[in-house]
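One structure below.
4 protein chains.
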Amino acid sequence: MAPKRLQVAAAGLGRMGKRHALNFLNRAPRSQLVAAFSPDPEEIQWAKTHLEPYGVTLYTDYDEMIQQPGLQAVVIGTATSVHAEEAIKAMEKNLHVLCEKPLSTSIAICNDVVNAAKQRPHLKVMCGFSRRFDESYRAAYEKASNGGIGRPTILRSQTCDKHDPSGFFVEYAAWSGGVFVDMAVHDIDLTLWFFGDDAIPKSISAYGVTAVQPDLKKHKDFDNAVGIVEFYNGKIAYYYCSRMMAHGQEDVTEIIGTEGKLSVNLNPQSNLVNHYHAGGITREVPPHYWGRFEQAFVRETNEFVDACLDDTPLPLKLSNAVKAVQIGAWLQEALVSGQSLKFDETGRRVEISKI
Amino acid sequence: MAPKRLQVAAAGLGRMGKRHALNFLNRAPRSQLVAAFSPDPEEIQWAKTHLEPYGVTLYTDYDEMIQQPGLQAVVIGTATSVHAEEAIKAMEKNLHVLCEKPLSTSIAICNDVVNAAKQRPHLKVMCGFSRRFDESYRAAYEKASNGGIGRPTILRSQTCDKHDPSGFFVEYAAWSGGVFVDMAVHDIDLTLWFFGDDAIPKSISAYGVTAVQPDLKKHKDFDNAVGIVEFYNGKIAYYYCSRMMAHGQEDVTEIIGTEGKLSVNLNPQSNLVNHYHAGGITREVPPHYWGRFEQAFVRETNEFVDACLDDTPLPLKLSNAVKAVQIGAWLQEALVSGQSLKFDETGRRVEISKI
Amino acid sequence: MAPKRLQVAAAGLGRMGKRHALNFLNRAPRSQLVAAFSPDPEEIQWAKTHLEPYGVTLYTDYDEMIQQPGLQAVVIGTATSVHAEEAIKAMEKNLHVLCEKPLSTSIAICNDVVNAAKQRPHLKVMCGFSRRFDESYRAAYEKASNGGIGRPTILRSQTCDKHDPSGFFVEYAAWSGGVFVDMAVHDIDLTLWFFGDDAIPKSISAYGVTAVQPDLKKHKDFDNAVGIVEFYNGKIAYYYCSRMMAHGQEDVTEIIGTEGKLSVNLNPQSNLVNHYHAGGITREVPPHYWGRFEQAFVRETNEFVDACLDDTPLPLKLSNAVKAVQIGAWLQEALVSGQSLKFDETGRRVEISKI
Amino acid sequence: MAPKRLQVAAAGLGRMGKRHALNFLNRAPRSQLVAAFSPDPEEIQWAKTHLEPYGVTLYTDYDEMIQQPGLQAVVIGTATSVHAEEAIKAMEKNLHVLCEKPLSTSIAICNDVVNAAKQRPHLKVMCGFSRRFDESYRAAYEKASNGGIGRPTILRSQTCDKHDPSGFFVEYAAWSGGVFVDMAVHDIDLTLWFFGDDAIPKSISAYGVTAVQPDLKKHKDFDNAVGIVEFYNGKIAYYYCSRMMAHGQEDVTEIIGTEGKLSVNLNPQSNLVNHYHAGGITREVPPHYWGRFEQAFVRETNEFVDACLDDTPLPLKLSNAVKAVQIGAWLQEALVSGQSLKFDETGRRVEISKI
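Line by line, the protein sequences give chains A, B, C and D.
Residue numbers for the first sequence follow the UniProt record's numbering, beginning at 1 and rising by one.
Residue numbers for the second sequence follow the UniProt record's numbering, beginning at 1 and rising by one.
Residue numbers for the third sequence follow the UniProt record's numbering, beginning at 1 and rising by one.
Residue numbers for the fourth sequence follow the UniProt record's numbering, beginning at 1 and rising by one.
Structural data, given as structure tokens:
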């Protein structure tokens with residue numbers, strides 16, 4: 001008799017939602033995608049072709065979907081604004097949850113999800129930080145863990161998107177939480193991974209410009225921003241986010257230790273081809289995060305499924321997802337206000353005037 | 001109702017056979033692995049755990065397996081010596097065939113397979129040359145096709161394995177056909193791709209040494225060999241095969257045209273990590289071909305399935321597989337004899353004394 | 001009759017002083033080193049062997065040296081504390097001056113030198129910022145000037161020294177002005193080059209740690225520091241200085257524009273060799289700045305000589321040298337105080353309480 | 001009193017002759033260029049501006065020049081056809097000789113020079129193989145000597161020039177000796193360095209095409225050629241020469257040993273800049289050998305001067321220069337004839353019919 005496969009429903013079938021649904025359908029042998037939900041008729045239309053024929057029941061109502069008998073888990077790839085609500089509802093139905101990041105741009109709401117999960121320790125609730133599943137970051141982490149660079153001390157990380165002249169990013173900024181919440185949250189998550197998730201910020205500063213998308217200003221956002229987070233454990237992380245790259249996606253991390261350094265993706269590339277021509281030697285760069293992280297998402301899917309079926313620990317803590325968003329929100333606050341934020345050793349905000 | 005999936009049987013469950021079976025089982029959504037065969041009890045044992053629970057019927061007899069009702073295709077990953085016989089038997093049962101390379105180390109037997117396939121043009125019969133499915137080689141081919149390097153003229157290609165001190169390669173040499181048939185056949189296939197499969201050799205020369213595996217001599221094989229194939233269409237390919245690499249697998253190709261050059265994998269890497277330490281900056285290299293070509297095999301599987309289900313053309317001709325082995329065998333002959341081989345413009349061997 | 005060669009005296013024969021002296025002696029065909037000064041008996045001893053035999057008169061008194069008849073220029077490579085005094089004295093003797101950076105760690109004293117130079121516009125007075133003479137930075141600047149990256153907007157630059165366990169850097173910190181004045185001053189100078197020397201800082205923040213040299217604290221210095229300078233012209237520079245590199249000197253700059261990016265030395269290397277071994281592929285890195293910038297110093301020497309002999313403009317303004325030190329000092333102040341500094345649009349310091 | 005400087009005369013003031021003259025004049029502190037010869041009025045005119053003012057006496061007659069009193073050495077950068085005659089005449093005047101490669105395209109004449117030098121062991125007679133003085137090749141050689149790659153076994157080396165559409169190379173082919181003598185001679189010299197200069201060829205094969213310069217055929221030359229030299233000591237070298245590169249000069253060498261590999265210039269670059277733009281990431285490549293080897297020529301000059309003044313051994317044997325040309329000529333013969341050449345263990349040619 002065939003081993004049981006995890007019965008999974010996919011909520012949201014937008015760009016990332018589709019990818020999650022297809023990963024659970026096709027690239028996670030131990031899972032079975034049995035349901036999918038979208039409020040959007042176009043997305044449902046897509047699902048009729050790409051999901052329904054393979055035994056996936058389609059829903060236009062989330063609450064209805066999570067009542068489907070036999071369901072064991074939900075992958076949430078809807079708009080950020082409903083992540084938390086849907087995650088909590090799923091937990092209430094005793095379902096495991098893989099939620100696209102962030103849980104919410106509101107820390108309070110994030111914490112609601114964490115608390116809901118704490119009350120149901122038998123459920124696997126994970127917020128997907130894809131870089132944790134990338135083989136290069138994994139290899140770097142393993143080297144760092146084995147003492148290959150001494151004590152990690154400085155972390156430089158950047159998330160840089162290809163310039164999109166369509167105006168998409170301007171609209172997106174209305175609800176994304178800003179560049180540090182939307183983009184740098186990945187870099188912050190890496191920081192918590194390499195520095196320890198108990199690292200407490202001491203100060204946070206950030207500065208930005210709107211170089212190519214001046215309309216971002218109306219949402220108090222920026223297309224290029226630099227920030228520094230100083231931690232109490234003698235470590236410093238600094239970040240660069242940009243939506244202005246001409247050449248493609250360029251997500252780079254360096255972890256600098258007392259005895260060595262690790263770089264990840266310092267020389268981005270689409271593939272292993274170099275083109276030699278009259279103007280020099282050229283290699284191409286993936287235009288989007290999917291070109292860089294596709295396999296990481298596949299591994300994320302499979303590791304989540306394994307944890308649910310085998311009741312093994314998830315590779316990252318849910319509380320980190322909140323902490324990363326919190327630090328991102330503070331960076332964004334520093335960015336918008338032009339003020340450095342200060343914290344005491346317990347992690348509490350200190351008023352400027354008190355320093 | 002769910003779309004039909006290609007009903008596939010896997011023959012052979014050795015190192016590569018297992019990988020093929022798992023790819024058809026798990027990584028090709030439009031295929032369904034329904035049967036598997038191995039004469040080896042240990043492999044059958046493995047299959048009881050990894051295949052049988054997922055609905056795969058196991059066989060210890062190939063002929064029996066291909067009679068399983070509903071079967072549509074066979075993937076052959078057995079020992080080279082039985083590839084051809086099994087491929088022909090499968091065609092006789094009206095099954096599509098994906099056969100691991102080479103069809104045979106004997107050209108005559110290779111031709112038998114090609115002839116059998118010609119008589120059944122409705123069947124998809126493919127000999128797997130994985131590099132044809134690698135995204136980097138695909139990108140290089142596209143650039144070359146678009147005129148990015150002018151007229152391809154010189155091709156340099158090497159297949160270099162990590163040194164294996166176990167003695168495996170010595171035993172293997174007894175029946176592998178020699179380094180040019182076993183290893184360079186990939187480089188030759190690339191040559192036919194980039195130079196055109198109608199390219200006719202004009203002369204073939206090759207030289208080798210046994211530097212680290214002196215016992216190879218008893219099988220008239222070498223652990224390092226260099227060869228040149230001159231073609232009548234004004235093109236030259238030159239090859240290097242080695243089983244002596246300290247650092248890992250290093251398969252490199254350069255295609256040099258009249259107006260530019262393309263390199264593939266000139267700087268091999270396991271992942272995107274660089275380690276900076278007191279001795280310099282180091283990156284690692286995949287130890288084996290799987291580390292380099294895993295995704296190419298997945299794509300090979302899926303494209304074969306698509307061609308079978310949709311009756312679309314295969315991305316490479318079966319006759320090329322024979323031609324590549326033929327050129328490999330000539331290189332091996334030149335290598336062992338120390339003599340250059342010469343050919344007339346129709347491709348026929350010319351005796352040395354006649355030149 | 002032979003063309004006149006610039007008659008040059010070298011002040012200071014320490015590590016860098018020796019190199020300047022030898023560059024003027026041997027690698028600048030249009031110059032003639034005729035005098036050298038050091039207060040240090042060991043350095044004089046060295047000079048007796050390496051300079052005196054070639055017609056260089058040695059002095060243990062600076063004032064005496066600059067009275068040598070026929071002298072036209074002085075290269076100053078003494079301790080930073082006497083740079084300014086010696087430069088001014090040289091100008092008073094109507095001598096051209098090439099002064100090792102910085103003019104002084106005191107802005108007031110720097111300005112004295114600039115004012116002295118302004119009064120003698122016929123003299124060439126240059127503070128050596130070697131990167132301005134490096135062929136890679138020159139090539140990058142040319143590309144940026146030709147519009148190759150649109151409008152430069154973000155500059156990332158780091159000066160990272162190999163870890164020196166001898167304790168040298170601790171002593172050195174007593175009078176170096178701190179990491180941002182001593183090291184980042186190069187990165188700041190590059191910023192003024194690529195962003196325009198009229199760029200006015202809007203805010204300055206910096207944070208640091210002492211990870212491997214805790215004794216630096218007694219001089220209020222750090223072995224790793226990160227800083228951000230926000231400019232009023234919509235540009236941001238961010239810097240990293242470290243004295244902790246395991247692998248060698250790693251000075252990297254990225255200039256990010258609205259339509260492209262330039263990197264300089266992103267992949268440091270001692271030479272063009274890669275070593276493939278059982279642990280991977282390794283390249284080495286120069287241990288010190290000389291391994292990276294030797295040819296830049298040679299070009300600096302020759303371009304200074306040309307400017308003196310031909311009365312042509314120097315390639316960098318003396319006032320920039322002050323501005324770079326000023327910004328470095330502000331970064332250092334921000335670093336030590338933990339406070340961001342703010343400036344109004346005229347460049348004047350704004351009190352925190354006024355913001 | 002100033003140390004004596006080597007009194008040097010420069011013969012030939014063409015492209016390379018000028019560079020040699022200026023190196024001895026300006027970049028070799030222990031040498032003094034005192035004389036220069038050219039039969040060409042334009043070159044003499046150049047010398048009146050660039051050499052004469054610095055105390056260099058000009059000659060239009062070589063014999064006259066070498067009689068100049070006090071002369072100690074000659075650097076020969078004239079046309080290849082007169083190298084040998086001028087070198088021997090210089091030795092007869094008791095002058096040290098640095099001769100641009102090759103001594104001659106005739107082996108007999110090369111041997112005349114070697115014999116003349118043998119009779120005057122107190123003279124330093126060197127044929128300039130610039131790569132021997134390149135810091136990257138030096139570093140590679142040191143690593144190989146220290147056992148870093150085990151026993152060197154396979155050497156791949158290429159000399160590839162940027163395509164020159166002017167027709168220069170066609171004219172040049174009339175007397176250059178062909179691509180293997182003119183270009184690959186450097187690669188062969190490296191082979192003798194890394195494999196040992198006592199390595200005896202066992203067989204030599206070569207093939208070529210004229211892809212972009214069909215007129216080369218009239219001089220029996222090729223614009224792309226590949227060759228293999230098999231040696232009796234269990235080593236193989238293979239070469240690629242091309243005059244068709246779109247991107248610039250690309251001289252690459254790999255030395256593959258039983259325990260590792262060294263690559264030199266596998267990723268050619270003009271400088272340390274990468275340009276990121278909408279089409280990807282591009283670096284430039286030096287257009288000519290001077291961009292790659294300028295510093296090697298400077299070191300060659302200085303090491304030659306040191307050997308003359310200090311009576312220390314030269315870093316390469318004159319006899320190697322002959323051997324390299326001999327192997328180059330054999331490769332060229334194999335290339336033109338389409339026949340492999342065979343040699344017995346003493347290095348004597350074996351007739352094909354005797355094999």
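The beta-carbon is built from N, C-alpha and C at its ideal position, and this holds for glycine as well.
In this text, all values refer to a predicted model and were calculated from it rather than measured experimentally.
Sequence-distant residues of the same chain with beta carbon closer than 6 Å to Glu43/C, five excluded per side: Leu13
Asp197/C and Lys317/C closer than 9 Å at C-beta: yes
Closest by C-alpha distance to Tyr241/C, when choosing among Ala211/C, Gly234/C, Thr258/C: This sequence places Cys at residue 241/C; Tyr is not what is there. The shortest Cα separation from Cys241/C among Ala211/C, Gly234/C, Thr258/C belongs to Ala211/C.
Status (buried if at least 16 other CB within 10 Å, exposed otherwise) for Val305/B: buried
Cβ neighbours of residue 377/C in the same chain (closer than 8 Å, five flanking residues each side left out): Within the shown structure, residues of chain C are numbered from 1 to 355, placing residue 377/C beyond reach of any answer.
Nearest-angstrom Cβ-Cβ length linking Val273/B and Gly248/B, presumed shorter than 8 Å: So it is not a contact: roughly 14 Å between Cβ atoms.
Residue range of the beta strand (DSSP E) that includes Val56/B: Neither: Val56/B is in no beta strand (DSSP E) and is coded neither H nor E.
Pro201/A - partner residues in DSSP beta bridges: DSSP lists Phe231/A as the bridge partner or partners of Pro201/A.
Assumed close pair Val298/B, Ser136/B - CB separation to whole angstroms, cut-off 8 Å: The pair is not a contact, with the Cβ atoms about 14 Å apart (cut-off 8 Å).
Which residues DSSP lists as bridging Val226/D, in chain order: Tyr207/D, Tyr240/D
Asn115/D, buried or exposed, once every other Cβ within 10 Å from all chains shown has been counted against 16: exposed
Buried or exposed by the 16-neighbour rule on C-beta atoms within 10 Å, applied to Asn26/A: buried
Neighbouring residues, chain C, relative to Arg277/B (Cβ below 7 Å): The identity of residue 277/B in the sequence shown is His, whereas the question assumes Arg. Near His277/B (Cβ distances below 7 Å), the residues of chain C are Ala246, His247.
Below-9 Å beta-carbon distance, Gln269/C vs any chain A residue: Nearest CB-CB separation between Gln269/C and chain A: not below the 9 Å threshold.
Distance CB(Gln68/D)-CB(Thr60/D) smaller than 9 Å: no
Coarse secondary structure for Gln295/A, derived from DSSP in three states: helix
Contact set between Gly280/B and chain C, taken where Cβ atoms lie within less than 7 Å: His247, Thr282, Arg283, Glu284, Val285
Endpoints, the beta strand (DSSP E) within which Arg283/D is located: Taken as a continuous stretch (DSSP letters only), the beta strand (DSSP E) holding Arg283/D covers 280–283.
Cβ neighbours of Tyr232/C in the same chain (closer than 7 Å, five flanking residues each side left out): For Tyr232/C, the CB contacts under 7 Å within the same chain, skipping 5 residues up- and downstream, are Ile200, Lys202, Glu345 in chain order.
Ala173/C versus Ser157/C - alpha carbon distance: 21 Å
Span separating the alpha-carbon of Ala10/A from that of Ala2/B: 19 Å
Straight-line gap, Phe222/B to Gly208/D (C-alpha atoms, nearest Å): 26 Å
Buried or exposed by the 16-neighbour rule on C-beta atoms within 10 Å, applied to Pro53/C: exposed
Spatial neighbours of Asn302/B in its chain, beta-carbon cut-off 7 Å, leaving aside the 5 residues before and after: Ala28
CB contact check: Ile236/C to chain D, cutoff 9 Å: no
Gly14/D in three-state terms, based on DSSP: Looking at Gly14/D - three-state DSSP - the assignment turns out to be coil, as it is neither helix nor strand.
Spatial distance of Ala90/A from Asp310/A (CA atoms): Cα-Cα distance, rounded: 20 Å.
Coarse secondary structure for Thr153/D, derived from DSSP in three states: Annotated three-state conformation of Thr153/D is strand, per DSSP.
The alpha helix (DSSP H) enclosing Gln326/A, as first and last residue numbers: 318–337
Other residues of its chain near Thr312/D: CB distance less than 8 Å, five sequence neighbours each side excluded: Once the five neighbours on either side are set aside, the close Cβ partners of Thr312/D are Asp306.
Local conformation of Val36/C per DSSP, three classes: Here residue 36/C is Ala; the residue named in the question, Val, does not match the sequence. Strand.
Chain-ordered residues of the UniProt domain "GFO/IDH/MocA-like oxidoreductase" (137–262) of chain D with a beta carbon less than 7 Å from chain C: Ala139, Ala140, Lys143, Gly148, Gly260, Lys261, Leu262
Ile66/B: first and last residue of the uninterrupted alpha helix (DSSP H) it sits in: Where Ile66/B is concerned, there is no enclosing alpha helix (DSSP H), given that its DSSP letter is neither H nor E.
Near-chain A residues of the region 327–340 of chain C - C-beta to any C-beta below 9 Å: Gly338, Gln339, Ser340
Pro268/C classed as buried or exposed, judged by whether at least 16 other C-beta atoms fall within 10 angstroms: buried
Under 9 Å between C-beta atoms of Asp134/D and Ala296/D: yes
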